[in-house]
């Protein structure tokens with residue numbers, strides 16, 4: 001068992017950060033095996049269990065140029081610092097959605113460029129062009145034979161003013177509207193319409209409670225993501241707004 005007093009969840013978070021950093025630096029499990037002079041299977045167990053020794057965790061952090069105190073403090077506190085796509089990257093994704101498909105498949109699904117090209121029906125020249133576009137906007141550094149390393153770190157998201165977010169929001173609301181008009185919805189779609197008559201303070205409390213619930217499951221989503229990259233994705237959008245006098249509750 002681990003020879004230091006951290007919960008399995010903290011160790012899991014620290015190891016996920018290490019695995020992400022190894023990938024970003026272009027280091028494979030084979031490189032780790034050579035560094036530790038152990039078998040590949042031992043490395044896999046070491047990076048996917050909660051019984052790693054402190055010395056090995058220190059060595060892994062050193063290999064990734066990570067400060068172990070900062071690593072464990074971040075793992076203990078919860079989320080790693082979030083990073084945001086730049087305006088240039090957001091604009092590129094909005095104008096060329098296939099670039100976001102490619103980047104998401106490479107980073108989050110851990111597919112190879114060739115796997116993405118086969119799934120999307122791209123020829124080698126098209127794939128190279130798109131990889132070069134990702135490089136031009138600062139997301140990857142392209143190397144020979146379509147090898148690459150990521151230039152971005154940590155959880156990534158879009159800023160509130162993002163064009164991509166606005167496009168996605170229009171799509172999500174259109175789907176919900178279509179489901180309401182048809183009177184039927186996919187079994188996994190959740191739609192809750194609930195008019196409420198509440199004092200402003202209670203409404204504010206409701207908003208805060210809903211935010212805490214969503215934040216809790218968002219954290220769980222981030223922690224579980226690396227364990228299963230093919231996990232289903234869901235979009236949760238909550239909207240609350242005051243109703244004007246025309247739509248008063250007396251008309252119900």
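Numbering (UniProt numbering), first residue to last: 1 to 252. Where is the CB? At the ideal position from N, CA and C, for every residue including glycine.
Environment of residue i [buried if 16+ CB atoms lie within 10 Å]
{"i": "residue 61", "result": "buried"}
{"i": "residue 52", "result": "buried"}
{"i": "residue 204", "result": "exposed"}
{"i": "residue 221", "result": "exposed"}
{"i": "residue 232", "result": "exposed"}
{"i": "residue 126", "result": "exposed"}
{"i": "residue 12", "result": "buried"}
{"i": "residue 218", "result": "exposed"}
{"i": "residue 10", "result": "buried"}
{"i": "residue 74", "result": "buried"}
{"i": "residue 16", "result": "buried"}
{"i": "residue 207", "result": "exposed"}
{"i": "residue 235", "result": "exposed"}
{"i": "residue 46", "result": "buried"}
{"i": "residue 116", "result": "buried"}
{"i": "residue 202", "result": "exposed"}
{"i": "residue 162", "result": "buried"}
{"i": "residue 227", "result": "Because the pLDDT of residue 227 is 45, which lies under 50, any placement of that residue in the model is unreliable, and the number read from its coordinates should be weighed accordingly. Burial call: exposed."}
{"i": "residue 14", "result": "buried"}
{"i": "residue 8", "result": "exposed"}
{"i": "residue 200", "result": "exposed"}
Nearest candidate by alpha-carbon position, reference residue i, set the options
{"i": "residue 31", "options": "64, 241, 166", "result": "64"}
{"i": "residue 185", "options": "194, 174, 74", "result": "174"}
{"i": "residue 242", "options": "215, 45, 198, 182", "result": "198"}
{"i": "residue 110", "options": "35, 39, 135, 20", "result": "20"}
{"i": "residue 215", "options": "237, 112, 168", "result": "237"}
{"i": "residue 137", "options": "105, 120, 100, 118", "result": "100"}
{"i": "residue 239", "options": "201, 195, 202", "result": "195"}
{"i": "residue 178", "options": "167, 191, 18", "result": "191"}
{"i": "residue 59", "options": "157, 193, 36", "result": "36"}
{"i": "residue 85", "options": "180, 26, 164", "result": "164"}
Run of the alpha helix (DSSP H) containing residue i, from where it starts to where it stops
{"i": "residue 97", "result": "97 to 107"}
Inset, instruction - Any chance you could list the alpha helix (DSSP H) runs of at least 4 consecutive residues sitting entirely within the UniProt domain "HTH cro/C1-type" (18 to 71), in chain order? - result: 29 to 36, 40 to 47, 54 to 63
Inset, instruction - Decide if the region 137 to 147 is in contact with the region 62 to 74; the criterion is three or more beta carbon pairs, one per stretch, under 8 Å apart. - result: no
Legend entry - Minimum length 3: unbroken beta strand (DSSP E) runs contained in the region 111 to 166: 140 to 142, 148 to 150
Inset, instruction - Could you tell me whether the region 150 to 170 touches the region 81 to 94, using the rule of 3 or more Cβ pairs below 8 Å? - result: yes
Legend entry - Any 3 or more C-beta pairs closer than 8 Å across the region 130 to 145 and the region 93 to 101: yes
Legend entry - Segments of 3+ residues assigned as beta strand (DSSP E) that fall wholly inside the region 179 to 226: none
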